[in-house]
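> Quick one: the structure is below, and I'll ask about it shortly.
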Amino acid sequence: MKQMIRFIAISLVITVSASAWAQTPTMELYNAQGEAVKNGAYLSSVANSTSAKILHTDSLFVKNISDAAIKLKVRRTYKVEVAGTFSVFTALGQSVPADETITPNYWDLEPGVTTPDSGFFYGSYYPQTIVGTTAVVYSFLSVDESDKVLDSVYVCYNFSNTSVTPMSQEGEYLYHKEVLVDCDPAVIHEYPILLANHTNTDVSFRVGKTVIQVDEGQESSFKFGEVEYTPGDNNSNASGVFIQANTTLEGTNGFIAKFNGNGIDNNEFFPTVQYKFFNRMSGNDADYVTLVYNVSGVGFSEIKSFEISSAYPNPASSWFSVDFNLPVFTTANLKVYNHTGQLTTVYPIQNQTNSMKVDIENYASGVYFLSIEIDGKQTGVEKLVVQ
41 MKQMIRFIAI SLVITVSASA WAQTPTMELY NAQGEAVKNG AYLSSVANST
91 SAKILHTDSL FVKNISDAAI KLKVRRTYKV EVAGTFSVFT ALGQSVPADE
141 TITPNYWDLE PGVTTPDSGF FYGSYYPQTI VGTTAVVYSF LSVDESDKVL
191 DSVYVCYNFS NTSVTPMSQE GEYLYHKEVL VDCDPAVIHE YPILLANHTN
241 TDVSFRVGKT VIQVDEGQES SFKFGEVEYT PGDNNSNASG VFIQANTTLE
291 GTNGFIAKFN GNGIDNNEFF PTVQYKFFNR MSGNDADYVT LVYNVSGVGF
341 SEIKSFEISS AYPNPASSWF SVDFNLPVFT TANLKVYNHT GQLTTVYPIQ
391 NQTNSMKVDI ENYASGVYFL SIEIDGKQTG VEKLVVQ
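The opening position of the sequence shown corresponds to residue 41 in the numbering used here, with each subsequent residue numbered one higher.
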C-alpha cells in the first residue's frame with residue numbers, strides 16, 4: 041500500500057524544511073499481522089460503552105526501507121483533546137507517560153530491518169469516564185545526532201467513547217472529519233451521514249449546524265428523523281431522534297445534509313458547513329463533520345485573485361509539483377483528499393511564492409483531489425491521478 045509523503049502538517053506534528061519534501065522515503069509502518077499501514081492513516085479505537093475505562097491502539101512496527109541505518113524516535117501530539125483525559129504509549133523499548141511527548145532515547149535501526157517485538161509501538165488512552173473523541177497523532181521520526189528530524193511517518197488515532205459514530209455511506213468513520221463534496225450548483229445536493237450507535241443503550245441525538253462560509257444566495261439545510269429543516273434552522277428539534285442500541289440510523293429516518301448553490305458557480309472560496317451530532321442528554325457525547333462544497337469546479341490555474349499552477353505532471357507516478365504566488369496570509373495549506381472526498385493530509389505553505397514538490401512514490405494508485413486553503417478559506421480543486 042502506498043503512503044503519503046514524509047512532511048507532516050505543522051498542526052499535527054512538527055515543522056520540516058521545504059528541502060525535505062523531495063527526499064526518498066526511509067520508513068514504512070506495519071501492524072502485528074504484517075500488513076502495511078498507510079502513512080497518514082486515520083485509525084479508530086471505539087468503545088462499546090460511554091463509561092469505557094481504557095482504549096488501545098494496534099501494535100505497530102517500523103521498517104527501515106533505506107540503504108543506511110537510521111535513528112528512531114516516536115512522538116505523540118494531540119490533534120483534538122478532550123479535557124481531563126490522558127494517554128500513554130510504549131515504543132522502542134521505552135514507556136512514555138502522559139506528561140511527556142517523545143521517547144527520550146534513540147533506537148538504531150539497520151537497513152531492511154523491522155523493529156522487533158521488544159521495540160514495538162502500543163498506545164493506551166484513558167477517557168476517565170469523560171465522554172468524547174480524542175484524536176492523537178503518533179509520529180515515527182528519523183533523526184540525526186542533534187535531534188533534527190530527517191524523515192517521518194505517522195498515524196492519527198481517534199479514541200472514542202461517544203454513543204454514536206458518524207460514517208460515510210462507504211462505512212468510513214467521520215470523527216472530526218472534513219469532506220470535500222463535489223456538486224452541481226444548479227441542483228440541490230444531498231450528502232447522507234450514517235449514525236451508528238455502537239453502545240448497548242438507546243440514545244436520543246440532535247443535530248447542530250454551523251455555516252462557516254457561503255456566498256450570498258447559497259443555502260444549506262438538513263433532514264433528520266423524517267423532519268425537513270429550513271436554511272434558517274441551525275438546530276434540530278429539542279426532542280431529538282432515538283437511535284436504538286447497536287443500530288445504524290440511515291435512510292428516510294437518518295440524516296441528510298443539503299446544499300443549494302442556486303446556480304451560483306463563480307466561487308473562488310468554497311462554501312463550508314459544519315454539523316455537530318450530539319446526545320441531547322450530554323453535549324460532550326458528540327462528534328463533528330465538516331462539509332466543503334466544490335460548486336464552482338474552478339481549478340488552480342483558473343483562480344483570478346492570485347496565481348496557482350495546475351498540478352504537474354498529471355497523471356503522476358513518483359511526484360507532483362504546484363507553483364504559486366499567493367497574497368499575504370497568516371496560514372496557508374495544500375490539502376489532499378482521497379477519492380471519496382475525505383481529507384487525508386495537510387501540507388503547510390510557508391512562503392507566498394514558491395514551488396511545492398510532493399513525493400508520491402508511496403501513494404496508492406487512484407484519484408486524489410488537491411485544494412489550497414488560505415486563512416481558513418479553501419479555493420480551487422485539482423484532480424490528481426496517481427498511476
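Ideal Cβ positions, reconstructed from N, Cα and C, are used throughout, including at glycine.
Small disclaimer: the values here were computed from a predicted structure and weren't measured.
Pairs of beta-carbons, one from the segment 183 to 190 and one from the segment 121 to 137, closer than 8 Å: are there three or more?
no
> Please state if the CB of L424 and the CB of N354 are separated by a distance shorter than 7 Å.
yes
> Could you spell out the range, first to last residue, of the beta strand (DSSP E) harbouring Y231?
229 to 237
> Below 8 Å on the Cβ atoms is my contact criterion, and I expect A109 with L69 to pass it. Report the Cβ-Cβ distance as a whole number of Å.
Wrong, their Cβ atoms sit about 18 Å apart, outside the cutoff.
> What whole-angstrom Cβ distance do P65 and D273 have, given they're in contact under 8 Å?
Not really, about 48 Å apart at Cβ, beyond 8 Å.
> Excluding the five sequence neighbours on either side, which residues of its own chain have a C-beta within less than 7 Å of the C-beta of E413, listed in chain order?
A372, N373, K375
> Considering only residues of the same chain and omitting the five flanking positions on each side of W359, which have a CB-CB separation below 8 Å?
A62, K397, V398, D399, I400, E401
> With distances taken from CA atoms, which of V177, S336, F364 is nearest D255?
S336
> With distances taken Cα to Cα, identify the nearest neighbour of F310 among D222, N286, S179, K217.
Each of D222, N286, S179, K217 was checked against the Cα of F310, and the nearest Cα belongs to D222.
> Kindly identify the DSSP beta-bridge partner or partners of N373.
P388, E413
> With burial defined as no fewer than 16 other Cβ atoms inside 10 Å of the residue's Cβ, what is the status of Q258: buried or exposed?
Taking all protein chains in view, the Cβ of Q258 is crowded by 16 or more other Cβ atoms within 10 Å, so the residue is classified as buried.
> Please report the residue range of the beta strand (DSSP E) in which R246 lies.
243 to 253
> How long is the line joining the alpha carbons of N240 and T288, rounded to whole angstroms?
13 Å
> Decide if the segment 86 to 97 is in contact with the segment 134 to 153; the criterion is three or more beta carbon pairs, one per stretch, under 8 Å apart.
A contact is defined here as three or more CB-CB pairs under 8 Å, and the segment 86 to 97 fails this definition with respect to the segment 134 to 153.
> Using only CA atoms, which one of E342, G323, Q209 lies nearest to I170?
G323
> Start and end of the beta strand (DSSP E) containing E256?
Note, E256: premise wrong, no beta strand (DSSP E); not H, not E.
> Quick one: what does DSSP say T330 is sitting in, helix, strand or coil?
strand
> What is the rounded straight-line gap between the Cα of E290 and the Cα of L234?
Taking the straight line from one Cα to the other gives about 5 Å.
> When burial is assigned at 16 or more other CB atoms within 10 Å of the CB, is N391 buried or exposed?
exposed
> So, do the segment 99 to 109 and the segment 206 to 219 have three or more beta carbon pairs nearer to each other than 8 Å?
no
> Mark A326 as exposed unless 16 or more other C-beta atoms lie within 10 angstroms of its C-beta, in which case mark it buried.
buried
> For A226, count the other beta carbons within 10 Å of its own beta carbon; 16 or more makes it buried, fewer makes it exposed. Which is it?
exposed
> What's the call for N286, buried or exposed, on a 16-neighbour Cβ count within 10 Å?
exposed
> Relative to the alpha-carbon of S106, which residue among R116, G265, A138, M67 has its alpha-carbon at the smallest distance?
M67
> Could you tell me which of T419, I389, V247, F161 sits nearest to M321, measuring between CA atoms?
Shortest Cα-Cα distance from M321 to any of T419, I389, V247, F161 involves V247.
> Who are the near neighbours of S395 in its chain, counting only those whose CB is closer than 7 Å to its CB and skipping five residues on each side?
S361, D363
> Within a Cβ cutoff of 6 Å, which residues of the same chain sit near P367, ignoring the five residues on either side of it in sequence?
F346
> Kindly indicate the opening and closing residues of the beta strand (DSSP E) around E401.
No beta strand (DSSP E) contains E401, which DSSP labels as neither H nor E.
> Does the contact criterion of 3 or more C-beta pairs under 8 Å hold for the segment 338 to 345 versus the segment 378 to 389?
no
> By the three-class DSSP mapping on this structure, what secondary structure does G291 have?
helix
> Determine which residues share a DSSP beta bridge with M207 and list them.
Y213, L234, per the DSSP bridge assignment.
> Have a look at V114, E422, V122 and flag the residue whose alpha-carbon is nearest the alpha-carbon of G159.
Among V114, E422, V122, the Cα nearest to that of G159 is on V114.
> Just the C-alpha distance for T174 and Y194, rounded to the nearest angstrom, thanks.
16 Å
> Using alpha carbons as the reference points, say which of V189, N275, D305, E308 lies closest to F295.
N275
> Return the chain-ordered list of same chain residues with a C-beta closer than 8 Å to the C-beta of L383, the five sequence neighbours on each side being excluded.
K217, E218, V219, L220, K375, V376, Y377
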